[in-house]
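Engineer: Using the UniProt record's numbering, you'd call the opening residue of the sequence shown number 1 and step up by one each time. Just so it is clear, CB atoms sit at the ideal spot from N, CA and C, and this is done for glycine as well. Below is a structure I'd like to ask you about.
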Amino acid sequence: MNKHTRRCCVLNCRNSNYKILSKTKTKLFKFPRNVNRCRDWVCAIGDPSVASCTWETLITHGYVCKDHFEEKYVTAIQGITVNAVPTIFPYLRTPLSEPQLLLFDESVPVQKKRWKTDAMV
């Protein structure tokens with residue numbers, strides 16, 4: 001397998017950027033670097049294993065394929081709009097609990113936490 005193979009991190013999604021794994025190459029989008037938007041994606045995906053990843057791991061190695069975004073958020077030029085959040089999932093999800101989200105929140109570096117609070121004021 002190609003060492004640069006990227007896979008969608010959504011539960012039960014087999015899409016990747018490698019044809020043999022998913023029959024066709026699928027467009028994948030990295031998690032947003034903005035802490036609040038990244039957290040929105042984590043909440044939307046609703047998978048505790050994603051929530052337990054650090055912010056840094058998600059923005060470096062986390063991908064979600066275009067199949068999980070409404071068409072109105074997918075653009076030809078940049079890929080997805082700035083306010084895009086994945087909302088299409090092939091399974092029923094239960095919302096993440098506060099302790100599960102706390103794992104993600106605690107992984108955000110101190111500088112980013114300060115930025116997050118300053119931006120909210």
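(1) Using beta-carbon positions only, say whether Cys-53 and Ser-107 come within less than 9 Å of one another.
(2) Got a sec, what are the start and stop residues for the beta strand (DSSP E) Cys-65 sits in?
(3) I need the boundaries of the beta strand (DSSP E) containing Phe-29, first residue and last residue.
(4) Quick one: measure Cβ to Cβ for Lys-27 and Gly-62, integer angstroms, because I've assumed they're closer than 8 Å.
(5) State the Cα-Cα distance for the pair Asn-83 and Phe-69, rounded to the nearest angstrom.
(6) Since Arg-39 and Phe-89 are thought to touch, with beta carbons under 8 Å apart, how far apart are those beta carbons, to the nearest angstrom?
Structural biologist: Looking at the atomic coordinates:
(1) Counted from its first residue, the sequence shown places residue 53 at position 53. Counted from its first residue, the sequence shown places residue 107 at position 107. It is a contact, given that the beta carbons lie within the stated cut-off.
(2) For this step, residue 65 is matched to residue 65 along the sequence shown. That run of the beta strand (DSSP E) goes 63 to 65.
(3) What you label residue 29 is simply residue 29 of the sequence shown in a count that begins at 1. It spans 28 to 30 - the beta strand (DSSP E) in which Phe-29 sits, taken as one unbroken run.
(4) As a first step, residue 27 is located in the sequence shown; it is residue number 27 there, counting from the start. As a first step, residue 62 is located in the sequence shown; it is residue number 62 there, counting from the start. Lys-27 to Gly-62, Cβ: 15 Å. No contact.
(5) On the sequence shown, position 83 is the one that residue 83 refers to. On the sequence shown, position 69 is the one that residue 69 refers to. When rounded, the distance between both Cα atoms is 11 Å.
(6) Residue 39 sits at position 39 when you count from the first residue of the sequence shown. Residue 89 sits at position 89 when you count from the first residue of the sequence shown. Wrong, their Cβ atoms sit about 17 Å apart, outside the cutoff.
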